[in-house]
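Accompanying notes for the structure given below.
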Amino acid sequence: MGYPETLYFCFAATNKLTEIADGGSGMWTWIKRGLFVAVVGYGGYAAWDYYQGGFFSRPDMPEGAFSLSYKTGLRAIVVDVPDQRETRRYFGFPQEVPHYLRDVWSFCSPPSEDEQPNAEKFIADRNMPGERFEAVCRIQADKDLVIRGLITSVPRL
């Protein structure tokens, strides 16, 4: 059964059930069909959005970690940082990486001692009130450690 036949079958079944339920009133048939299409459309959009966020491919997360997914392609599993999504907004700043690493989930943690001066410089250069540096996102590709992006946060006002 192809797509048009399936669609016709759904509408025919809906029409028959509606005729039985309300005695054949044509207006209610079209209202119910419209509601059915709206619900199916919203469900399809929600599934597509979930897929675009990469949540189907997200690896297992450690205890206490939370995930962030940005339209820029940065997908982050944040560890060792308190989850303050209710009081703060998180911003991701992706770094340029090879094309095969763009959709890979990265593990993000606070900057190491070696990375701390660069993190402080990044925040100082941006000079945004209330912004703080949260994490550096890294991808382990064989023996290479790739910096995937940076995460900052600001108060949610």
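Start counting at 1 in the sequence shown, then tack on 1079, and there's your number in the numbering used here. Just so it is clear, CB atoms sit at the ideal spot from N, CA and C, and this is done for glycine as well.
Check: Going by the beta-carbon positions, is the gap between T1108 and F1170 smaller than 8 Å?
Finding: Counting from one through the sequence shown, the residue named residue 1108 turns up at place 29. Counting from one through the sequence shown, the residue named residue 1170 turns up at place 91. In this structure, F1170 does not lie closer than 8 Å to T1108 by Cβ.
Residue of V1225, D1221, S1188 minimising C-alpha distance to A1214
Walking along the sequence shown from the start, residue 1214 turns up at place 135. Per the Cα distances, S1188.
* Can you give me the start and stop residues for the beta strand (DSSP E) that Y1130 sits inside? => On the sequence shown, residue 1130 is found 51 positions in, with the first residue counted as 1. Where Y1130 is concerned, there is no enclosing beta strand (DSSP E), although the alpha helix (DSSP H) it sits in stretches over 1105 to 1131.
Count the other CB atoms, across all protein chains shown, that sit within 10 Å of the CB of A1125; report buried if there are 16 or more and exposed otherwise. In the sequence shown, the residue the question calls residue 1125 occupies position 46. By the neighbour-count rule (16 or more Cβ atoms within 10 Å), A1125 is not buried but exposed.
| Secondary structure at Y1179, three-state DSSP: helix, strand or coil? | For this step, residue 1179 is matched to residue 100 along the sequence shown. Helix, per DSSP.
- prompt: Is the CB of G1143 under 8 Å away from at least one CB in chain C?
  reply: Here there is only one protein chain, and chain C is not present.
Quiz item: Could you give the residue range of the beta strand (DSSP E) that holds E1213?
Solution: Here residue 1213 corresponds to residue number 134 of the sequence shown, with the count starting at 1. Counting along the chain, the beta strand (DSSP E) containing E1213 begins and ends at 1211 to 1220.
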